[in-house]
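First up is the structure itself, then whatever we jot down about it.
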Amino acid sequence: MRFASIDIGSNAVRLLLCNVYDDGKEAIFKKAELVRMPIRLGEDVFRIGSVSQEKIQALCKTMKAFRLLIEVFGAKGFRACATAAMREAANAAEVIAAVRKESGITIEVIDGKSEAEIIYSNHIAEHLDPERSYLYIDVGGGSTELTLFEQGHVVASQSFNIGSIRLLHDKVTKEDWAQLKNWIHEHHAGHDLMAIGSGGNINKIFKLSERKEGKALSLLKLTEIYYFLKQFSVEERITRLGLNPDRADVIVPAAKVFITIMREAGIEKIIVPQIGLSDGIVHLLYEDFIASGQGG
Numbered sequence: 001m002r003f004a005s006i007d008i009g010s011n012a013v014r015l016l017l018c019n020v021y022d023d024g025k026e027a028i029f030k031k032a033e034l035v036r037m038p039i040r041l042g043e044d045v046f047r048i049g050s051v052s053q054e055k056i057q058a059l060c061k062t063m064k065a066f067r068l069l070i071e072v073f074g075a076k077g078f079r080a081c082a083t084a085a086m087r088e089a090a091n092a093a094e095v096i097a098a099v100r101k102e103s104g105i106t107i108e109v110i111d112g113k114s115e116a117e118i119i120y121s122n123h124i125a126e127h128l129d130p131e132r133s134y135l136y137i138d139v140g141g142g143s144t145e146l147t148l149f150e151q152g153h154v155v156a157s158q159s160f161n162i163g164s165i166r167l168l169h170d171k172v173t174k175e176d177w178a179q180l181k182n183w184i185h186e187h188h189a190g191h192d193l194m195a196i197g198s199g200g201n202i203n204k205i206f207k208l209s210e211r212k213e214g215k216a217l218s219l220l221k222l223t224e225i226y227y228f229l230k231q232f233s234v235e236e237r238i239t240r241l242g243l244n245p246d247r248a249d250v251i252v253p254a255a256k257v258f259i260t261i262m263r264e265a266g267i268e269k270i271i272v273p274q275i276g277l278s279d280g281i282v283h284l285l286y287e288d289f290i291a292s293g294q295g296g
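Under the numbering used here, the letters of the sequence shown match residues 1 to 296, in that order.
Below is the structure:
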């Protein structure tokens, strides 16, 4: 079976094409392709409150291309979800209408709670120590989602207006940071936590750490990489470290968010399974497909 998902984030728009193999006992999800376009809707929205006509056209063209790829792939179902930037865009309805007209794709603008729930639907908890408590941290361009779970069950989740694009444009307030820290202090008491990180920036940081897949990244190592990256200019991160231009500027503020959260929660290690919203959407599409009886 094949499914596709589109994650319309504040920094980039991603198309995930995924194969699902079901032997009747367990479903195995294998990424066939991940296509990423750094449109940066949040660059407009967090500065001027709406998406510019230039970026609307770029998004429409991207979605037309994604629709063709989905059709060629032969997906049994797909879903397009937009997060923080589209939640705040004053002209979100105009953007959605333009995309629907140009590509035939209907964008769902999901709230922070739904975003956290979709990310959690990856069932990562099933593969971790059931005796431990975990804090799932997803840092995007416009928002950060935190989900606390223990024994495989969600205890609490919250979305915060803190993200790498917002930080780049100095759009995160002291009140935003205070809200994040207060939530952590309220919910982490009594929990010996380990973190789970998702998002393109923590994935890249994990690769830079040269840790083996499945191994945890320490807060100390994460902090070392943060200061290592910070000493270079954006241009140097591109030319000397080989980072993509749309990653080179946001990776440092994103690392700062992870470090702040881990320090506030007293967390020493973070697992980076390299999954995110697009993976969660595919899981839900598959589950809905099976529940409808079509999988039989």
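Beta carbons are placed, not taken as given, at the ideal position from N, Cα and C, and that holds for glycine.
Given a cut-off of 7 Å, decide if residue j and residue i are closer than it, judged by their beta-carbon atoms.
i	j	result
G142	A178	no
A254	I238	no
L193	A116	no
I251	N201	yes
S278	R36	no
A315	N19	What the structure shows of the chain is the stretch from 1 to 296, and residue 315 is not part of that stretch, so it cannot be assessed.
I39	G280	no
I349	S198	What is shown of the chain runs 1 to 296, which leaves residue 349 out entirely.
S300	H187	Absent from the model: residue 300. The displayed extent of the chain is 1 to 296, so no value can be given.
V95	V51	yes
I56	A82	no
I271	A216	yes
L285	G77	yes
V257	V139	yes
M86	A80	no
I261	I70	no
T147	S157	yes
What three-state label does DSSP hand residue i in the structure shown?
i	result
F66	helix
H153	strand
N122	coil
E264	helix
D111	coil
S133	strand
S10	coil
D249	coil
G280	helix
I275	coil
T223	helix
F232	coil
S103	helix
A90	coil
R237	helix
L128	coil
Where DSSP assigns a beta bridge to residue i, which residues make up the other side?
i	result
T144	V139, F160
S5	L16, R79
I270	A195, L217
Y21	I28
Taking only runs of the alpha helix (DSSP H) that begin and end inside the stretch 25-58, which ones reach a length of at least 4 residues, in chain order?
-> 41-48
State whether the stretch 97-109 contacts the stretch 63-74, with contact taken as three or more CB pairs (one from each stretch) at a distance under 8 Å.
-> yes
Entirely enclosed beta strand (DSSP E) segments - the stretch 156-221, minimum 3 residues = 193-198
Should the stretch 163-170 be regarded as contacting the stretch 217-224, the criterion being three or more beta carbon pairs within less than 8 Å?
-> no
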